[in-house]
Structure formats: C-alpha cells, structure tokens
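Engineer:
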Amino acid sequence: MTLNATTSHTVGPYYHIGLTWLNREDLTTAATLGERVAISGQVVDGNGDVVNDAMLEVWQANAAGKYDHPEDEQDKAVDPNFEGFGRVPVDGEGRFRFTTIKPGAVPGLKGTTQAPHLVVLVFARGLVKHLLTRIYFDGEVLNGDDPLLACVPAERRGTLIAKHDAEGVHQWNVILQGTDKETVFFDY
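Each residue of the sequence shown is one higher than the one before, counting from 1 in full-length UniProt numbering.
Following this line, the structure appears as structure tokens:
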C-alpha cells in the first residue's frame with residue numbers, strides 16, 4: 001500500500017463548526033481567584049476590512065502565575081476554578097469580547113520573569129496555519145523586563161499591549177497583515 005501526503009488546506013472558514021461547545025466568553029467562575037479583566041477588540045485584515053469568521057484561542061496562567069498543565073512544575077497552587085483556556089469567536093463585525101483574570105508573572109528562560117500575558121492563537125479563513133501572538137497589559141511594571149517583549153522592536157510592541165479604557169475594558173485589536181500596525185506574530 002502506498003501512502004500519499006495529505007493536501008494542504010486553510011484553517012477556515014469551517015474550523016468552528018462542531019466546536020461551539022468550546023466557546024467561552026467568560027473564562028472565570030464566581031470562585032476563580034484574581035482580578036477580573038475584560039478584553040475587547042476586532043480582527044481586521046491588512047486593508048482594514050473586517051474578518052468576520054475568526055476565532056481566538058486563549059491560554060494563560062492563573063492569578064498566581066501557574067499554568068494548569070503538567071509541564072508547569074512550579075511550587076504554586078493550581079486554581080481549581082480556573083482552566084486558563086477559552087475559545088472566543090468573533091461576531092459578524094469581527095468583534096470579540098471575553099472576561100478572564102489578569103494572570104500572574106511566569107518564569108522565563110534562564111531565570112528571567114515574563115510579564116503577565118495571555119497567549120492567543122488566531123484562526124481565520126485564508127490562513128494555512130493559525131497565528132500565535134500575546135496580549136500584555138498596559139501599565140504593567142514587568143513589561144519592561146519581559147524577555148520576549150524585549151525582542152520585539154520598540155515601535156511594534158504596542159500591537160501586543162491591551163490599552164485600558166475609561167470603561168475598564170482592555171482594548172486590543174488583531175491586524176492580520178499589511179502596515180506597520182500589523183499585530184506581531186511569533187514563530188514556534
């Protein structure tokens with residue numbers, strides 16, 4: 001028997017069908033420990049056109065800076081009321097909003113400390129592979145020492161930082177391509 005290579009396909013627009021049970025606009029419960037934060041934004045392409053079928057996957061540490069994952073061997077408690085994962089679809093205007101907690105700082109390589117952040121995977125039509133980025137929080141003192149953020153040119157770091165608005169919501173947009181305002185995405 002001869003095995004043939006599987007053909008390449010984009011991740012959208014059908015990736016979300018059958019996965020709606022994973023969608024969570026609130027990653028917290030009443031018993032989750034930590035400061036609640038709301039994050040809102042919009043996904044657009046390089047021309048500024050709405051991407052109305054995108055989905056964001058969010059993965060993060062808990063308020064103490066511990067991931068609910070077997071490879072996180074820190075001597076910190078796992079919050080039994082917080083999974084640290086959510087899947088958030090956009091609406092017809094490419095907008096999203098979700099509630100989570102502000103994560104604690106986590107260890108980085110070679111004894112460094114990573115500032116509180118959310119890891120975000122972006123899925124959308126036309127992408128052969130999902131995109132990986134992060135959300136940091138404006139005003140966070142540890143941002144200045146974060147080893148990954150330091151690798152991003154200063155003029156591009158703003159694409160990774162959610163801005164706290166007057167209503168208490170952190171605003172963060174995803175720009176898929178194009179100008180110098182394109183969101184910074186990471187290879188892994």
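Ideal placement from N, C-alpha and C gives every residue a C-beta, glycine not left out.
For GLY158, which of helix, strand or coil comes out of DSSP?
Structural biologist: Within the sequence shown, residue 158 is the residue found at index 158, counting from 1. In the structure shown, GLY158 sits in a helix (DSSP, three-state: H, G or I).
Engineer: Opposite VAL122 in the DSSP bridges: which residues?
Structural biologist: To locate residue 122, count along the sequence shown from 1; it is residue 122. Bridge partners of VAL122: LEU56 and LEU131.
Engineer: May I have the straight-line CA-CA distance separating ALA77 from ASN23, to the nearest angstrom?
Structural biologist: Indexing the sequence shown from 1 puts residue 77 at position 77. Indexing the sequence shown from 1 puts residue 23 at position 23. One C-alpha to the other measures close to 26 Å.
Engineer: Rank VAL141, ASP145, PHE185 and ALA63 by C-alpha distance to the C-alpha of residue 189 and give the top, closest one.
Structural biologist: Look at the range of the chain in this structure, 1 to 188, and you will see that residue 189 is not part of it.
Engineer: Could you work out which residue in GLY84, LEU3 and ALA38 is closest to ALA166 when comparing CA atoms only?
Structural biologist: The sequence position of residue 166 within the sequence shown is 166, counting from 1. Out of GLY84, LEU3 and ALA38, ALA38 has the C-alpha closest to the C-alpha of ALA166.
Engineer: Are ALA54 and GLY104 close, meaning C-beta to C-beta below 9 Å?
Structural biologist: As a first step, residue 54 must be located in the sequence shown, where it is residue number 54. As a first step, residue 104 must be located in the sequence shown, where it is residue number 104. The answer is no: Cβ separation not under 9 Å.
Engineer: On a Cα-Cα basis, can you pick out the residue from VAL58, THR28 and GLY84 that is closest to ASP68?
Structural biologist: For the purposes of this step, residue 68 is taken as the residue at position 68 of the sequence shown. Measuring from the Cα of ASP68, the nearest candidate turns out to be GLY84.
Engineer: CB-CB under 6 Å to LEU118, same chain, minus the five flanking residues each way: which ones, in chain order?
Structural biologist: As a first step, residue 118 must be located in the sequence shown, where it is residue number 118. Hits under 6 Å: VAL58, GLN60 and ILE135.
Engineer: When the Cα atoms are used, what is the spatial distance from LEU149 to GLY92?
Structural biologist: By one-based count along the sequence shown, residue 149 stands at place 149. By one-based count along the sequence shown, residue 92 stands at place 92. Each residue's alpha carbon lies about 32 Å from the other.
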